[in-house]
Amino acid sequence: MKAVDQLKNAMSDLQRRRSTLRKGVAMFDALQCEIVNLRQRSHADGDARRKLERLDALMKNGGQDLVERIVRQAGQAERCMKKIGEDLLPVTEPAKAAPRETQQGAKFRRTFV
1 MKAVDQLKNA MSDLQRRRST LRKGVAMFDA LQCEIVNLRQ RSHADGDARR KLERLDALMK
61 NGGQDLVERI VRQAGQAERC MKKIGEDLLP VTEPAKAAPR ETQQGAKFRR TFV
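Residue numbering for the sequence shown follows the numbering used here, starting at 1 and increasing by one per position.
Below, the structure is given as structure tokens:
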């Protein structure tokens with residue numbers, strides 16, 4: 001029984017991977033079609049030409065510049081979030097008031113007749 005369950009799990013895992021691979025291939029095909037369209041339009045369209053030049057520059061260095069820029073931006077975002085957290089900390093914590101001095105009232109002595 002355990003072997004059957006393992007086989008079912010393996011089959012479902014393979015199906016998920018197959019589906020993911022199909023989606024990746026579809027995205028790659030769409031990207032290739034877009035590149036072909038850009039190449040066809042690049043002769044007359046300056047915007048398409050600039051996009052192709054940027055793509056070529058990105059592909060020459062393996063996208064390392066883009067990765068470095070994303071890492072820098074992630075670091076900046078992390079620092080900003082820490083600063084915001086530090087700035088909000090005093091607001092979210094209950095104010096620590098100085099202890100009040102309490103005066104005890106004088107005790108009255110009463111004599112009942």
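Backbone N, C-alpha and C define an ideal beta-carbon position, used for all residues, glycine too.
Close-in-space but distant-in-sequence residues of the same chain around I35 (CB under 8 Å, 5 per side omitted) | Excluding residues within five positions, the ones whose Cβ falls inside 8 Å are L52 and L55.
Residue ranges of each beta strand (DSSP E) within the segment 57-81, 3 or longer = Qualifying beta strand (DSSP E) stretches: none in this window.
Start-to-end residues for the alpha helix (DSSP H) that takes in A29 | Position check: residue 29 holds Asp in this sequence, whereas Ala was assumed. Taken as a continuous stretch (DSSP letters only), the alpha helix (DSSP H) holding D29 covers K2 to R41.
Roughly how many whole angstroms lie between the Cα atoms of S19 and A30?
-> If I take the Cα positions, the gap works out to 17 Å.
Taking the C-alpha atoms as reference points, what is the distance between R151 and K2?
-> Here the chain covers residues 1 to 113 and nothing more, so residue 151 does not appear.
If you draw a straight line from the alpha carbon of V67 to that of K8, how long is it in whole angstroms?
-> Rounded to the nearest whole angstrom, the CA to CA distance from V67 to K8 is 39 Å.
With DSSP as the reference, label A48 as helix, strand or coil.
-> In this structure, DSSP gives A48 a helical state, which the three-state scheme calls helix.
CB L38 to CB A48, shorter than 9 Å?
-> A contact, by the Cβ cut-off of 9 Å.
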